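Residue numbers (full-length UniProt numbering): 1 to 200.
Glycine included, C-beta positions come from ideal geometry on N, C-alpha and C.
Predicted model only: the values in this text are computed from it and were never measured.
And the structure:
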């Protein structure tokens, strides 16, 4: 194998980045459970601190589950979320370190994380689950799905309705499906390299 990975072709970069959009409208086309399993198999390869993998995902698909989610949503997010085939609660496990013997068998990382304060441990879980959530979006796009990530929801209500007793806490929501291009808004500008970056 070459030590240098080849650059992806233009059409792949378009699908993952330059032509990918945040969708607010959805085609009436289901997302299968097999697709969700494939999605997780890809997304779980994201890098995390000490391979801690704190992300936990709840795929809200069924009508009853969607109705349970509805009152937790900001008003502007209700219609698009109820229409989306799947809404993912991207969460993190505050007790993620309990899995460390399985995830990092060469060293006792469970004790390392357990020695941290709960606040520091949760901060790390939030950060790493955010990283994993970004990979989840890329994995979804790679499988031909469209995405609509959202922060407009009541976290306490979501946690009470879906995560009670698990030690999991919600990070953000992600609508998944096959987007209706007719309902896209014009793309807003992005910052130029000179505005957002520097090389030292």
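Helix, strand or coil: which one does DSSP assign to residue i?
| i | result |
| --- | --- |
| residue 18 | helix |
| residue 5 | coil |
| residue 230 | No statement about residue 230 is possible, as the shown extent of the chain runs from 1 to 200 and does not include it. |
| residue 129 | helix |
| residue 93 | strand |
| residue 61 | coil |
| residue 73 | strand |
| residue 12 | helix |
| residue 188 | coil |
| residue 111 | helix |
| residue 51 | helix |
| residue 56 | strand |
If you follow the alpha helix (DSSP H) that residue i is in, where does it begin and where does it stop?
| i | result |
| --- | --- |
| residue 159 | 155-162 |
| residue 32 | Element bounds for residue 32: n/a, residue is neither H nor E. |
| residue 104 | Looking at the DSSP string, residue 104 is not in any alpha helix (DSSP H), and its letter there is neither H nor E. |
| residue 196 | 193-196 |
| residue 83 | 78-83 |
Can you check which of these residues, the options, is closest to residue i by C-alpha distance?
| i | options | result |
| --- | --- | --- |
| residue 160 | 30, 72, 61 and 87 | 72 |
| residue 163 | 59, 12 and 140 | 59 |
| residue 88 | 133, 122, 196 and 38 | 133 |
| residue 188 | 12, 18, 127 and 41 | 18 |
| residue 33 | 65, 86 and 4 | 86 |
| residue 16 | 199, 144, 173 and 149 | 144 |
| residue 173 | 66, 183 and 114 | 66 |
| residue 154 | 196, 68 and 137 | 68 |
| residue 202 | 46, 92, 40 and 147 | No information on residue 202 is available, as it lies outside the stretch 1 to 200 that the chain covers here. |
| residue 44 | 50, 55 and 35 | 55 |
| residue 63 | 9, 97 and 84 | 84 |
| residue 47 | 40, 131 and 39 | 131 |
| residue 12 | 50, 53 and 141 | 141 |
| residue 181 | 6, 10 and 27 | 27 |
| residue 76 | 38, 198 and 151 | 151 |
| residue 49 | 103, 200, 198 and 42 | 103 |
| residue 51 | 79, 192 and 99 | 99 |
| residue 21 | 191, 169, 176 and 199 | 176 |
| residue 117 | 128, 170 and 95 | 95 |
Go to residue i, then tell me how far its beta strand (DSSP E) extends in each direction, as first and last residue.
| i | result |
| --- | --- |
| residue 180 | Unbroken run through residue 180: none, as it is neither H nor E. |
From the DSSP output, which residues share a beta bridge with residue i?
| i | result |
| --- | --- |
| residue 173 | 89 and 150 |
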